[in-house]
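Using the working numbering, the letters of the sequence shown map in sequence onto residues 5 to 346. Below you'll find the structure, written out as structure tokens, and then a few comments.
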Amino acid sequence: MSDPKIDAARARLENLWASGKEFLGTDYAIMAGAMSWVSERHLVSAVSNAGGFGVIACGSMTPDLLSAEIAATKEMTSKPFGVNLITMHPQLNELIEVCREHSVGHVVLAGGLPSSNSIKQAKEFAKVICFAPALVLAKKLIRSGADALVIEGSEAGGHVGPVSLTVLAQEILPEVSDIPVFCAGGIGRGEAITGLLEQGASGVQIGTRLVCAEECIAHPDFKKAFIRASARDAVTTVQLDDRFPVIPVRALANKGTEEFRNTQRAVIEKFRAGELDQGAAQLEIEHFWAGALRRAVIDGDVESGSVMAGQSVGMVKKEQPVSEILEELVEQAVQSLVKRDS
5 MSDPKIDAAR ARLENLWASG KEFLGTDYAI MAGAMSWVSE RHLVSAVSNA GGFGVIACGS
65 MTPDLLSAEI AATKEMTSKP FGVNLITMHP QLNELIEVCR EHSVGHVVLA GGLPSSNSIK
125 QAKEFAKVIC FAPALVLAKK LIRSGADALV IEGSEAGGHV GPVSLTVLAQ EILPEVSDIP
185 VFCAGGIGRG EAITGLLEQG ASGVQIGTRL VCAEECIAHP DFKKAFIRAS ARDAVTTVQL
245 DDRFPVIPVR ALANKGTEEF RNTQRAVIEK FRAGELDQGA AQLEIEHFWA GALRRAVIDG
305 DVESGSVMAG QSVGMVKKEQ PVSEILEELV EQAVQSLVKR DS
């Protein structure tokens, strides 16, 4: 026998994220964060099959590799999923064309402010989602044609901006109502989802909670590091020289954190000695993360590799199927509404 209070709460949740569900074409307005080496065919298809929205992390893939990954993902799910492309990728135009060839329905442009041309190119065949780190940039992206936005707070894992989701939500959600806005960063429970939806979000994006999904290919030691960690273990990197702006990276503190500082010092010395120009030096600093992340995720080197994690890592308690994680989040969201209405 159904409970009227629970039924009412579920109906309320459905109403709150209806625009996000419609935009994504999913049962839940929950996007999966695009995590390099983690968000590949197995996790992406599992998220989509469970009612969420999986997103392939293209990262530094070549067009051929991305094409193969999209094709493999389509073999594992018939549900909607997206592809995250890094705007700084030297072959961005070719990668967008790969998405067109595979009839990808949603393209996420991340890692910097995308050009109007890139947005226009992707909009010819897909819905385009962009990241907005401030209200002024959110409005610029909307003028450029973005179909939806993600606002990601500094609580998130990986490359992060300087502002928390708490502040971004207050700054952007009341001012943007013409396109869907998905909130990301530090979201680990359903109660947080409800709160953001009530502030005006159309849905959320989660990453850290999904790393310990059974379907995730991350090394067992990588997952164990997440399960052992607390929120305060996920710290951001520091920048050593203003001439080489480093986008902060949030990861679990380990030897790799110190190695990144040493890498910066060594590259800066090469620049000062005239062995590298500024562009090459900047690229060398950024390249540290691609190798360090792979060592941690794939090889299980959680001591010197980069264990990128958001502050919600403290809420990751065990390995679970993706379907169970999503159902848990939704049930928490529903129960929060039941309590609020009681």
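Idealized CB from N, CA, C, for every residue including glycine.
6 Å CB neighbourhood of residue i in its chain, flanking five on each side removed
i	result
Met-92	Gly-115 and Gly-116
Asp-225	Gly-304 and Val-306
Gly-37	Gln-209 and Gly-211
Val-51	Ala-36, Gly-58 and Val-326
Ile-197	Val-208 and Ala-337
Gly-109	Pro-84 and Ala-130
Gln-203	Ala-173 and Leu-177
Val-164	Ser-158, Pro-252 and Arg-254
Gly-29	Pro-84
Arg-299	Asp-305 and Gly-309
Val-311	Ala-229, Ala-255, Leu-256 and Ala-300
Lys-274	Leu-280
Glu-175	Leu-139
Asp-31	Gly-55
Between the CA atoms of residue j and residue i - distance to the nearest angstrom
i	j	result
Phe-129	Phe-57	18 Å
Cys-103	Lys-127	11 Å
Ala-173	Glu-279	44 Å
Trp-41	Thr-66	14 Å
Ser-181	Ala-152	10 Å
Leu-169	Ala-337	18 Å
Gly-190	Gly-157	8 Å
Ile-100	Ser-346	49 Å
Cys-220	Val-301	10 Å
Ser-6	Ala-13	12 Å
Val-154	Arg-276	38 Å
Asn-53	Thr-81	6 Å
Leu-96	Phe-135	16 Å
His-223	Pro-166	30 Å
Ile-146	Glu-179	12 Å
Pro-8	Thr-261	51 Å
Ser-71	Glu-331	31 Å
Minimum C-alpha distance to residue i - residue among the options
i	options	result
Cys-216	Pro-84, Lys-228 and Gln-209	Lys-228
Glu-79	Asp-68, Glu-105, Leu-69 and Ser-49	Ser-49
Ala-142	Val-108, Glu-105, Cys-187 and Ala-294	Cys-187
Met-319	Thr-198, Ile-74 and Ile-231	Ile-231
Leu-244	Ala-222, Ile-197 and Arg-269	Arg-269
Asp-246	His-110, Ala-285 and Ser-234	Ala-285
Ala-75	Leu-96, Val-164 and His-106	His-106
Gly-192	Glu-218, Ile-34 and Gly-24	Ile-34
Leu-287	Pro-137, Lys-259, Glu-26 and Pro-94	Pro-94
Glu-335	Ala-138, Arg-236 and Gly-194	Gly-194
Lys-259	His-223, Leu-70, Ser-234 and Leu-297	Leu-297
Gly-55	Glu-26, Thr-261 and Leu-145	Glu-26
Close Cβ partners of residue i (< 7 Å) along its chain, the five nearest in sequence each way excluded
i	result
Phe-292	Phe-264 and Thr-267
Leu-201	Leu-20 and Trp-21
Thr-77	Arg-45, Val-48, Ser-49, Ile-60 and Phe-85
Ile-90	Cys-62, Gly-63, Ala-114 and Gly-115
Gly-314	Glu-159, Ala-160, Gly-161, Gly-189, Gly-190, Gly-211, Thr-212, Ala-238 and Arg-254
Ala-294	Ser-64
Leu-341	Ala-13, Arg-16, Leu-17 and Thr-198
Gly-24	Ala-33, Pro-184, Phe-186, Ser-206 and Gly-207
Glu-218	Glu-323, Gln-324 and Pro-325
Environment of residue i [buried if 16+ CB atoms lie within 10 Å]
i	result
Lys-83	buried
Ile-329	buried
Val-242	exposed
Lys-322	exposed
Gln-125	buried
Pro-2	A question about residue 2 goes unanswered here, because the residues of the chain that appear run from 5 up to 346.
Ala-15	exposed
Pro-118	buried
Val-271	buried
Val-132	buried
Leu-17	buried
Leu-333	buried
Val-171	exposed
Gly-283	exposed
Glu-73	buried
Ser-43	buried
Asn-88	buried
Pro-137	buried
Ser-316	buried
Val-112	buried
8 Å Cβ shell around residue i - same chain, five flanking residues per side excluded
i	result
Gly-149	Ser-120, Ile-123, Lys-124, Lys-127 and Val-132
> Hey, which unbroken runs of the alpha helix (DSSP H) at 4 residues or more fall wholly within the stretch 33-76?
Replying inline: 45-53
>> Ignoring anything shorter than 4 residues, give me the alpha helix (DSSP H) runs that lie fully in the stretch 264-339, in order along the chain.
In response: 282-301
>> Could you tell me which whole alpha helix (DSSP H) segments of length 4 or greater appear in the stretch 135-167?
In response: 139-148
> Which residue spans inside the stretch 174-209 form an unbroken alpha helix (DSSP H) run of at least 4?
Replying inline: 194-203
>> Extract the residue ranges of the beta strand (DSSP E) inside the stretch 82-120, only unbroken runs of 3 or more that lie entirely within it.
In response: 85-90 and 110-114
>> At 4 residues or longer, what runs of the alpha helix (DSSP H) sit wholly inside the stretch 211-240?
In response: 212-215 and 224-232
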